């Protein structure tokens, strides 16, 4: 099967076969990341531009390593030293970059839909590295890849997502992907952090953490976005931690072989206790490792479509 897409903008628009194609392709690239010389010539002569309008360590570095391991040339665009500070628009910035013959533009932006705008206007393949409250497709793919790698399947597993569901593009992408591949998805958070009508996405909603994680196969903890807490989405961090921080005591309600995930960065002691984050059930660092293989797969599959075009 070939991927017949120029861009990777969201999980919502992918069908089951396309998601599995990304996961299967990432599996072959995982082998490359384990070699002494972690490099293949697949994208030699291609140029990848990382266009990040929001701070990021994990995702930007992961895309940079993925591109370099495919032998592509990589340019990391810095907003603080660019013409954006002089009032240049996003589209004009992207058009100027493309005029320098870029093949891929990886964009993170605070505005939902920014990657879609570029994809409509540019010939370069556009990859969404997180846009506003919308989606973060490669994070969801690496999460699904890690679950499948550890559990052998996704279908029939109970996956519980805890935390700021309303503002989380990671949660949104994972809900689309996991339900499409047959997992049972539950969300748990204070009422103000759960979107209205989320049940229409096929998930179950809980306001009590221990009830939610009972018999869970996978627990995915989200970052509490402290920069948004001035709006009083819940009474206070101490109250949130008491009710929703994933502790070793609460993990006992899940299955014995439960795996604990977190997309990072972590607020230790608020959303997850240090002993759980660093414990035997945690696969947080393996998610980071797998992110490179998944992003290599994304670049590779999109390059096939470009070459055919």
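Numbering (the numbering used here), first residue to last: 215 to 523.
Glycine is no exception: its CB is placed at the ideal position from the N, C-alpha and C atoms.
The structure presented is a predicted model; accordingly, all values stated were derived computationally and were not measured.
Report the three-state DSSP secondary structure of residue i (helix, strand or coil).
| i | result |
| --- | --- |
| residue 244 | helix |
| residue 420 | strand |
| residue 260 | coil |
| residue 330 | helix |
| residue 344 | strand |
| residue 254 | coil |
| residue 267 | coil |
| residue 337 | coil |
| residue 497 | coil |
| residue 232 | helix |
| residue 470 | coil |
| residue 489 | helix |
| residue 453 | helix |
| residue 322 | strand |
| residue 216 | coil |
| residue 460 | strand |
| residue 309 | helix |
| residue 482 | strand |
| residue 379 | coil |
| residue 515 | helix |
| residue 369 | coil |
| residue 503 | helix |
| residue 302 | coil |
| residue 429 | coil |
Which residue comes first and which comes last in the alpha helix (DSSP H) that contains residue i?
| i | result |
| --- | --- |
| residue 314 | Careful: residue 314 lies outside any alpha helix (DSSP H) and carries neither H nor E. |
| residue 411 | No alpha helix (DSSP H) holds residue 411; DSSP gives it neither H nor E. |
| residue 282 | 272-283 |
| residue 222 | Residue 222 -> no alpha helix (DSSP H), and no H or E assigned at all. |
| residue 298 | Run containing residue 298: none; DSSP gives neither H nor E here. |
| residue 353 | 351-365 |
| residue 388 | 383-394 |
Short check: CB of residue i to CB of residue j, under 8 Å?
| i | j | result |
| --- | --- | --- |
| residue 429 | residue 365 | no |
| residue 491 | residue 506 | no |
| residue 401 | residue 433 | no |
| residue 291 | residue 343 | no |
| residue 387 | residue 350 | yes |
| residue 333 | residue 391 | no |
| residue 447 | residue 404 | yes |
| residue 515 | residue 239 | yes |
| residue 486 | residue 476 | yes |
| residue 237 | residue 359 | yes |
| residue 273 | residue 322 | yes |
| residue 246 | residue 254 | yes |
Report buried or exposed for residue i, applying the criterion of at least 16 other Cβ atoms within 10 angstroms of its Cβ.
| i | result |
| --- | --- |
| residue 310 | exposed |
| residue 230 | exposed |
| residue 414 | exposed |
| residue 300 | exposed |
| residue 252 | exposed |
| residue 510 | buried |
| residue 352 | buried |
| residue 422 | exposed |
Assuming residue i and residue j make a contact with CB atoms under 8 Å, what is their CB distance in whole Å?
| i | j | result |
| --- | --- | --- |
| residue 465 | residue 418 | About 19 Å; that fails the 8 Å criterion. |
| residue 377 | residue 438 | 6 Å |
| residue 339 | residue 261 | Not quite, the Cβ-Cβ distance comes to about 11 Å (not below 8 Å), so this is no contact. |
| residue 474 | residue 497 | 7 Å |
| residue 319 | residue 328 | Not quite, the Cβ-Cβ distance comes to about 11 Å (not below 8 Å), so this is no contact. |
| residue 233 | residue 394 | 6 Å |
Let's see if you can read the secondary structure: which residues bound the beta strand (DSSP E) around residue i?
| i | result |
| --- | --- |
| residue 402 | 398-402 |
| residue 474 | 473-475 |
| residue 372 | 372-376 |
| residue 290 | 287-292 |
| residue 434 | 432-435 |
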